[in-house]
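Here is the structure we will look at.
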Amino acid sequence: EGEAFYVPISENREEAQKQVDIFRPFFENDRIEKIGQNLKYDILSLRHYGISVKGKLFDTMIAHYLLNPELRHGMDYMAETYLKYKTIHIEELIGPKGKNQKSMRDVDKQVVCDYAAEDADITLKLKNMLEEEIRQNNFDYLFYEVESPLVYVLADMEWTGVRLDLDALAQLSEEFTAELQQVEAEIIAMAGEEFNVNS
């Protein structure tokens, strides 16, 4: 805790590949635990460089969801709740989501370094706290053997996609549309007058 490193990745694809390949032995080592916030995103990002992340995962977002399903699970919220610390919000750097949002490549490298280092440090601090809560609640098996492995499954599904039976979906759509029209007619009959049920 309290120390982090930032490695800026080149915009040039070939150079970026060389840089990322330096870390391949770490990411593909199944004996090294990977800690992060929303690890599915990181796993998918690394796949674009041909890296297949392996090993035990500790995703602070998943851990927090398991412990507090009714709350928000963003790192900013958890940092304020658990650590009483206000993080650098990404919107402060690149603006709100939308067509005018900047890229992190548009932000000063030192500012990005500070943001990334804080992100890594806060994630580790949260991991240490959440791990203890998981132990205290006897959620070890559920977290490590059920929830965490699902991150890889969900990443695989998102990467490869899921086959859909379009004919079956079209049939269901027709059935649901007919059923919805019948329910709307019953509602109007009960009301005794025409009105927009969807309003």
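Going by our numbering, 605 is the number at position 63 of the sequence shown; the sequence numbering is gapless.
Think of the CB as a built atom: it goes at the ideal place given N, C-alpha and C, for glycine as much as any other residue.
Hey, would you say V739 sits closer than 7 Å to E721, going by beta carbons?
Result no, Cβ atoms of V739 and E721 do not sit closer than 7 Å.
Chain-order list of residues whose beta-carbon lies under 7 Å from that of I577 (same chain, five-residue window excluded)
For I577, where only same-chain residues beyond five positions count, the Cβ hits under 7 Å are F600, T665, L666 and K669.
In three-state terms, what does DSSP make of D572?
Looking at D572 - three-state DSSP - the assignment turns out to be coil, as it is neither helix nor strand.
F718, enclosing alpha helix (DSSP H) - first and last residue:
Per DSSP, F718 belongs to the alpha helix (DSSP H) from L708 to A733.
Counting beta carbon pairs with one atom in the region 585 to 604 and one in the region 684 to 693, are three or more of them shorter than 8 Å?
Touching, per the Cβ criterion.
Could you tell me the distance, in whole angstroms, from the CA atom of I574 to the CA atom of I564?
One alpha carbon belongs to I574, the other to I564, and they sit about 16 Å apart.
When you compare only the Cα positions, how much space is there between Y627 and M620?
Cα-Cα distance, rounded: 9 Å.
Per DSSP, which residues does G483 bridge with? Please list them.
Not covered by the structure: residue 483. The range shown for the chain is 543 to 741.
Comparing C-alpha positions only, which one of E717, E673 and C655 sits nearest to L608?
Cα-wise, what sits closest to L608 is E673.
Does R573 have its Cβ less than 7 Å from a Cβ in chain B?
Here chain B cannot be found, since the structure has a single protein chain.
Are three or more beta carbon pairs between the region 695 to 711 and the region 579 to 594 nearer than 8 Å?
Here the region 695 to 711 makes contact with the region 579 to 594; the two share three or more CB pairs at distances below 8 Å.
What is the residue span of the alpha helix (DSSP H) that S690 lies within?
Per DSSP, the continuous alpha helix (DSSP H) segment holding S690 begins and ends at S690 to T702.
Is K628 helix, strand or coil by DSSP?
Per DSSP, reduced to three states, the secondary structure at K628 is coil, with no helix or strand assignment.
Measure the CB-CB distance between Q579 and M617 and report whether it falls below 7 Å.
Yes, the Cβ-Cβ distance between Q579 and M617 is below 7 Å.
When you compare each of Q723, H590 and D661 to E556 by their alpha carbons, which one comes out closest?
Out of Q723, H590 and D661, the CA that lies nearest to the CA of E556 is found in H590.
Exposed or buried, K582, counting other C-beta atoms within 10 Å across all chains shown (16 or more means buried)?
By the 10 Å Cβ count, K582 comes out buried.
Here's the rule: buried if 16 or more other CB atoms are within 10 angstroms of the residue's CB, otherwise exposed. What is T629?
Buried: at least 16 other Cβ atoms inside 10 Å.
Kindly provide the ranges of any alpha helix (DSSP H) runs that are 4 or more residues long and lie completely inside the region 639 to 684, ordered along the chain.
Within the region 639 to 684, the complete alpha helix (DSSP H) runs of at least 4 residues are 651 to 678.
What residue range does the alpha helix (DSSP H) around R555 cover?
In the DSSP assignment, R555 falls within the unbroken alpha helix (DSSP H) covering R555 to I564.
Which of helix, strand or coil DSSP assigns to Y548:
The answer is coil: DSSP assigns Y548 none of H, G, I, E or B.
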